[in-house]
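**Student:**
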Amino acid sequence: MNTLILRTVAPVLTALMLLFSIFVLLRGHNEPGGGFIGGLIAASALAIYGIAFGVAAVRRAIRFHPMAIAGAGLFISTLSGLISIFFGVPFMTGLWIYPVFFDVEVPLATVISFDLGVYLVVLGAITSIALALEQEPGPETGGEEG
Amino acid sequence: MAANVPALTFVVLFLPFMGAVFAPVLIRRFGDKAAWLLALAPFFAFLHFCGFLSEVAAGEVVTGGYAWAPSFNLSFSWFLDGLSLTFALLITGIGTLIVIYSGGYMKGHPDQGRFLSFILLFMGAMLGLVVSDSFLMLFVYWELTSITSFLLIGFDHGREKARRAALQALVVTGGGGLCLLAGLVFLWNITGVTQLSLLVHMEDGLRESPFYLATLLLVLGGAFTKSAQFPFHFWLPNAMEAPTPVSAYLHSATMVKAGVYLLMRLNPVMGATPAWEILLPFFGGITLIAGTFLAVRQVDMKLMLAYTTMASLGLLVMLTGFGAPHAVEAAVLYLVAHSLFKGGFFMVVGTVDHEAGDRNVTQLRGLRSAMPITFAAAMLCALSMGGLPLFFGFLAKEEIYAALAAGNPRAVFFTGLAVIGNALMFAVAFAIAIRPFFGPPSANPKSAHEGPVALWLGPAVLAVLGLLGALFSGLAHHYVSSPMASAVSGEKVVIDITTVPHLGMPLVLSVITIGLGVFVFWRLDGARALMVRVLENLGPGPDLGFDHFVSGLVRLSVAITRFVQPGRLEVYMTATFILLALTLLVPPVVFDELPGMPAWPGSVLPQEAAFLAIALIGIFAVLRAKDRLTAIVSLGIQGFAVAVIFLLFGAPDLSFTQFMVETLSVVILALVMTRLRLSPADHRPRRQLLFDACVAVACGLGFGLLLLKSVEASFDNLLTDFFNAYSKVIAHGANVVNVIIVDFRGTDTLGEIAVVMVTGLAVLALIRVRAGKAAVSQEEEGR
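Quick note, the sequences are listed as chains A and B, same order. FYI, the numbering for the first sequence is 557 to 702, going by the working numbering. FYI, the numbering for the second sequence is 750 to 1532, going by the working numbering.
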């Protein structure tokens, strides 16, 4: 889909959507949003970019294989659950710290890193499916997409 | 004794497993001499268990253990009374000799380390089995012995016969193990206890329970398969494919007695009922006679011993269930005697096989001068097996006849069986102990000479023990037989039989047995020919039946798989949706739970009506669409409209997600369409279209009814209130939905994202398979 309009708008749209997805991810604890929705938005952003510029461009842009991103997400989420072991509380107990940056108290928690993991898994899994489908089948790309 | 005895016992129970871990390394480093080092593990365990002898002889019970999952009443706990202690001593004592023997027997074998590792693994499993207190632990160890037996029978896995025998043993004993598990669950449900030490003190309740017979049959299913009772006996002779140390240890002295152990263990709580006293002697008796007849037929000494083992197990089961006074004592004495002489006998045959290269009883001759120690051991074992005075086997046989002999027809019948069985076993024993050793030396594959000490130590020790046990019968009875018999019968029993023959019915029967045995031994070749003819006329046995059963099972599963997995996506989808429609529609109709007609909403805001209309237009567009791509996009319209409706009714999170899911579904479906090169138009025939429409409408109707019904009931606010109240306080978040996802039910989410990840991988793999095929076909076209 090589329309001029899409090719002009796509980078801006993708950037905005990615930014928005992170915003949605972070505000999820108190307002509508969260890792799952954030991941879906980010995946749509990459899908738009892929439609405009092709699969190779998306792969270059995200640097890592999308499945590796998903794997990292699952790892982060599991780790967030496991941290509680060191504090003698049951698996997946939310742990909070309140560091102060520039006179502003920033609440951080294992639930936030857990949600970040959810975000990455959704983003990675859906993007890898979408990219694999978008890719033109052919002998030179058939085995190389991993 | 020291205060940390439980901890030491715990270590001792795991000692064989530790030995198993180090066996391959030690063998690689020190060669076959490492077996002597490895034998220290069971030997230390043997000494440790000897330390309990006086305590148990005084009638005490040694228990110990560690809680595992207290909330489920599960523990790793052991329980040593006379029965388990005797078994533990047999396992570790004979095990020590077997490990040494394996060092000599398997010398130079490239996989000797693996072999010793398996033997020690089995030892650990068997030891765990007999000392287990908790049911679950018993079951786990029981299956572990089946698995290690599988590994050992199939040790020589290059041969097809060995593989078949291993698999057969695993299927039969493993299947029996499942029966046993069900039986144990029954026992637990009836009595409410999960420990044998508590179970054996339950006086009543079990026998009166309506589930007694079912429990008994299930337990017997486990015991009979393990102890090779007719008609499950066929795996035992086939298991002789294993190297001889395995036959001596697993398939005569220990593992096959696990079933007998179980029956003896349950005798105080389940015995003395009509079912018990009919089933056990009946099947035991058949096994005894079948085993001895089949033994006489064989010419391979190992197979002769295998069939007499089967017969002996039958005799043990028969005695355990016979119910007369002295029957339990007889079973106990015979069990100990059998472990000693049969373990020794197997090792003798293994040594002869190893040194002379043959084990055909009709071929071997004149080995006496070449192998004097082996010959002596064989002779002592035969004297004990034949039940001649001065040997432990004699004590057992006298006690057997004292228990069985009585005036009633049942006793006469079973006495007859025992006499025939014992006489034939006498003949087989002396055939093995005399034929290969006397006469002019035969031409053997190898020039025979006495084996190294590792090869004759085991049989010699066991053979001499069979003699000493009888000579010092008072000591043996005090420490071993009497406590064991007390544990089996559930009350204090004192055994006082000595090796001095005393006049009476038992002695008369003994003389008849020996006379008959000598006669059969004298005419052995004639007896063998007779048996061959009889068995040929009987037709194929259960061994062939097993093959038919297994191949039938494979055919059945192939047929079922073909039926449920035709490989066509349409069939899967149609089946799934039909099932869905049935689940949704049938229960409300059958149970008369259909929702009432909902009230027409009084006030519908214009925007709500508008979006509802858009959703309907979307669906209409889907149905009218000429090509599939249009249909997919139209479906998106409907989805977006629903998302907006969610938003209007105050579910922003849900609506948000719905938007994104709809967008991505349209994108991915469109990509699938282009990627898979499906034809853009729908080419289903009219009939198919009609049928699919019916399924779709049924599903939709079902879901609609389900939703109406759920809304009808008054809404339970319990969870809503809980989350509203605690979301901010406990989890520091105002968005209840998200707090539930990442905190309250975080573990669920973890599972879900793992599923998402795996789904992604699966889809990727599917696409690649297709891409690979496409690539291949393109290449072929290019040529």
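Backbone N, C-alpha and C fix where the C-beta goes; we use that ideal spot for every residue, glycine too. For clarity, every value in this text was computed on a predicted model and none was experimentally measured.
Going along chain B, which residues have a C-beta under 8 Å from Ile593/A?
**Tutor:** Residue 593/A sits at position 37 when you count from the first residue of the first sequence. Here the neighbours are Asp1402, Phe1405, Thr1406 and Met1409.
**Student:** Could you check the C-alpha separation between Phe935/B and Ser898/B for me, to the nearest Å?
**Tutor:** Counted from its first residue, the second sequence places residue 935/B at position 186. Counted from its first residue, the second sequence places residue 898/B at position 149. Those two C-alpha atoms are separated by around 27 Å.
**Student:** Does Gln1387/B come out as helix, strand or coil in the three-state DSSP assignment?
**Tutor:** Along the second sequence, read from residue 1 onward, the residue named residue 1387/B stands at position 638. Looking at Gln1387/B - three-state DSSP - the assignment turns out to be helix.
**Student:** Mind reading off the beta-carbon distance from Ala1060/B to Gly1170/B? Whole number of angstroms is fine, and I expect it under 8 Å.
**Tutor:** The sequence position of residue 1060/B within the second sequence is 311, counting from 1. The sequence position of residue 1170/B within the second sequence is 421, counting from 1. At roughly 6 Å, the Cβ-Cβ gap stays under 8 Å, so Ala1060/B and Gly1170/B are in contact.
**Student:** What does the alpha-carbon distance come out to for the pair Ala879/B and Leu829/B?
**Tutor:** Start at 1 with the first residue of the second sequence, and residue 879/B comes out as number 130. Start at 1 with the first residue of the second sequence, and residue 829/B comes out as number 80. According to the sequence displayed, residue 879/B carries Val and not Ala. Approximately 9 Å between the Cα atoms of the pair.
**Student:** Which complete beta strand (DSSP E) runs does the segment 796-873 of chain B hold, if anything under 3 residues is left out?
**Tutor:** With a minimum length of 3 residues, the continuous beta strand (DSSP E) runs that stay inside the segment 796-873 of chain B are 811-818 and 823-829.
**Student:** Please identify the residue among Leu1455/B, Lys1051/B and Lys910/B whose C-alpha is closest to the C-alpha of Met1346/B.
**Tutor:** In the second sequence, counting from the first residue as 1, residue 1346/B sits at position 597. Among Leu1455/B, Lys1051/B and Lys910/B, the Cα nearest to that of Met1346/B is on Leu1455/B.
**Student:** Helix, strand or coil: how does DSSP classify Ile653/A here?
**Tutor:** The residue given as residue 653/A occupies position 97 in the first sequence. Three-state result, Ile653/A: strand.
**Student:** Run through the DSSP bridge pairs and tell me what Glu661/A is partnered with.
**Tutor:** Taking the first residue of the first sequence as position 1, residue 661/A is located at position 105. Note: Glu661/A sits in a beta bridge opposite Val656/A.
**Student:** Taking the beta carbon of Met1134/B as the centre, do at least 16 other beta carbons fall within 10 Å, making it buried, or is it exposed?
**Tutor:** In the second sequence, counting from the first residue as 1, residue 1134/B sits at position 385. Result: buried.
**Student:** Would you kindly work out how many angstroms separate the C-alpha atoms of Thr559/A and Val1518/B, rounded to a whole number?
**Tutor:** Indexing the first sequence from 1 puts residue 559/A at position 3. Indexing the second sequence from 1 puts residue 1518/B at position 769. Rounded to whole angstroms, Thr559/A to Val1518/B spans 32 Å at the Cα level.
**Student:** Once you ignore the five residues that flank Ser833/B on each side, which residues in its own chain have a CB closer than 7 Å to its CB?
**Tutor:** In the second sequence, counting from the first residue as 1, residue 833/B sits at position 84. Closer than 7 Å at the Cβ level, and outside the excluded window around Ser833/B, lie Val879 and Val880.
**Student:** Whose C-alpha, out of Met951/B, Ala1445/B, Met1409/B and Ala788/B, is nearest the C-alpha of Leu596/A?
**Tutor:** Here the question's residue 596/A lines up with position 40 in the first sequence. Nearest option by C-alpha distance: Met1409/B.
**Student:** Taking the beta carbon of Phe1295/B as the centre, do at least 16 other beta carbons fall within 10 Å, making it buried, or is it exposed?
**Tutor:** Mapped onto the second sequence, residue 1295/B falls at position 546. Flag for Phe1295/B reads buried.
**Student:** To the nearest angstrom, how far is the alpha carbon of Phe1031/B from that of Cys799/B?
**Tutor:** Taking the second sequence and counting its residues from 1, one reaches residue 1031/B at position 282. Taking the second sequence and counting its residues from 1, one reaches residue 799/B at position 50. Straight-line Cα distance between these residues: approximately 36 Å.
**Student:** Do the CB positions of Ser1259/B and Ile1244/B come within less than 9 Å of each other?
**Tutor:** The count along the second sequence starts at 1 and reaches residue 1259/B at position 510. The count along the second sequence starts at 1 and reaches residue 1244/B at position 495. No, Cβ-Cβ distance for Ser1259/B and Ile1244/B is not below 9 Å.
**Student:** Whole angstroms is fine: what's the gap from Met1506/B's alpha carbon to Trp891/B's?
**Tutor:** Working through the second sequence from its first residue, we reach residue 1506/B at position 757. Working through the second sequence from its first residue, we reach residue 891/B at position 142. One C-alpha to the other measures close to 38 Å.
**Student:** Report yes or no: do three or more beta-carbon pairs, one from the segment 858-869 of chain B and one from the segment 768-787 of chain B, lie closer than 8 Å?
**Tutor:** Flag = yes, the segment 858-869 of chain B and the segment 768-787 of chain B touch.
**Student:** Going along the segment 576-588 of chain A in order, which residues come within less than 9 Å of chain B, judged by CB to CB distance?
**Tutor:** Within the segment 576-588 of chain A, the qualifying residues are Val580, Arg583, Gly584, His585, Asn586, Glu587 and Pro588.
**Student:** Residues of chain B with a CB under 7 Å from the CB of Leu630/A: which are they?
**Tutor:** Position 74 of the first sequence, counted from the first residue, corresponds to residue 630/A. The contacting residues are Ile1502, Ala1503 and Met1506.
**Student:** Apart from the five residues just before and just after Pro695/A, which ones in its own chain have a Cβ nearer than 7 Å to its Cβ?
**Tutor:** The residue you call residue 695/A lines up with position 139 of the first sequence. Any reading at Pro695/A must be qualified, since the residue scores a pLDDT of 43, below 50, and its modelled position is unreliable; the value itself is stated next. No residues qualify anywhere along the chain.
**Student:** Between the alpha carbons of Arg1426/B and Leu689/A, how many angstroms are there, rounded?
**Tutor:** Here residue 1426/B is taken as the residue at index 677 of the second sequence, counted from 1. Here residue 689/A is taken as the residue at index 133 of the first sequence, counted from 1. The straight-line gap from Cα to Cα measures roughly 11 Å.
**Student:** Are the beta-carbon atoms of Gly903/B and Met872/B separated by less than 9 Å?
**Tutor:** The count along the second sequence starts at 1 and reaches residue 903/B at position 154. The count along the second sequence starts at 1 and reaches residue 872/B at position 123. No; because the gap between Cβ atoms is not below 9 Å, this pair is not in contact.
**Student:** To the nearest angstrom, how far is the alpha carbon of Gly698/A from that of Leu1510/B?
**Tutor:** The count along the first sequence starts at 1 and reaches residue 698/A at position 142. The count along the second sequence starts at 1 and reaches residue 1510/B at position 761. Residue placement at Gly698/A is flagged as unreliable, the pLDDT there being 40, under the threshold of 50; a coordinate-derived value is accordingly withheld.
**Student:** To the nearest whole angstrom, what separates the beta carbons of Val1018/B and Met951/B, a pair I think is in contact under 8 Å?
**Tutor:** Residue 1018/B sits at position 269 when you count from the first residue of the second sequence. Residue 951/B sits at position 202 when you count from the first residue of the second sequence. Their Cβ separation, rounded to whole angstroms, is 6 Å, which keeps Val1018/B and Met951/B in contact under 8 Å.
**Student:** Among Cys1443/B, Ile1490/B, Leu1499/B and Ala794/B, which one has its Cα closest to the Cα of Phe836/B?
**Tutor:** Taking the second sequence and counting its residues from 1, the one referred to as residue 836/B is at position 87. When each option's Cα is compared against that of Phe836/B, the closest is Ala794/B.
**Student:** For Asp1049/B, which of helix, strand or coil comes out of DSSP?
**Tutor:** By one-based count along the second sequence, residue 1049/B stands at place 300. Three-state DSSP puts Asp1049/B in a strand.
**Student:** Taking C-beta to C-beta, are Leu1265/B and Ala1172/B nearer than 9 Å?
**Tutor:** In the second sequence, counting from the first residue as 1, residue 1265/B sits at position 516. In the second sequence, counting from the first residue as 1, residue 1172/B sits at position 423. Taking 9 Å as the Cβ cut-off, Leu1265/B and Ala1172/B qualify as a contacting pair.
**Student:** For Ala911/B and chain A, any beta-carbon pair shorter than 9 Å?
**Tutor:** As a working note, residue 911/B is residue 162 in the second sequence. No - not a single Cβ of chain A is within 9 Å of the one on Ala911/B.
**Student:** Just to confirm before moving on: does the CB-CB distance between Phe1179/B and Met1120/B stay below 9 Å?
**Tutor:** Here residue 1179/B refers to the residue found at position 430 of the second sequence. Here residue 1120/B refers to the residue found at position 371 of the second sequence. No. Outside cutoff.
**Student:** Counting only beta-carbon atoms, is Val565/A nearer than 9 Å to chain B?
**Tutor:** Counting from one through the first sequence, the residue named residue 565/A turns up at place 9. Answer no: the Cβ-Cβ gap between Val565/A and chain B never drops below 9 Å.
**Student:** Starting from Pro663/A, find everything on chain B with Cβ-Cβ shorter than 8 Å and list it in chain order.
**Tutor:** The sequence position of residue 663/A within the first sequence is 107, counting from 1. The contacting residues are His1481.
**Student:** Using a Cβ-Cβ distance under 9 Å, would Ala608/A count as near chain B?
**Tutor:** Counted from its first residue, the first sequence places residue 608/A at position 52. Judged by the 9 Å Cβ criterion, Ala608/A is not in contact with chain B.
**Student:** Listed from N- to C-terminal order along the chain, which residues in the segment 631-658 of chain A have their beta-carbon within a distance smaller than 8 Å of any beta-carbon of chain B?
**Tutor:** From the segment 631-658 of chain A, only Ser633, Thr634, Gly637, Phe647, Met648, Gly650 and Trp652 have a Cβ closer than 8 Å to chain B.
**Student:** Just confirm the distance between the C-beta atoms of Ala1370/B and Ile1386/B, as a whole number of angstroms; I'd bet it's less than 8 Å.
**Tutor:** Position 621 of the second sequence holds residue 1370/B. Position 637 of the second sequence holds residue 1386/B. So it is a contact: roughly 7 Å between Cβ atoms.
**Student:** Using beta carbons (cut-off 9 Å, strictly below), is Leu569/A in contact with chain B?
**Tutor:** Here residue 569/A corresponds to residue number 13 of the first sequence, with the count starting at 1. By this cut-off, Leu569/A is not an interface position.
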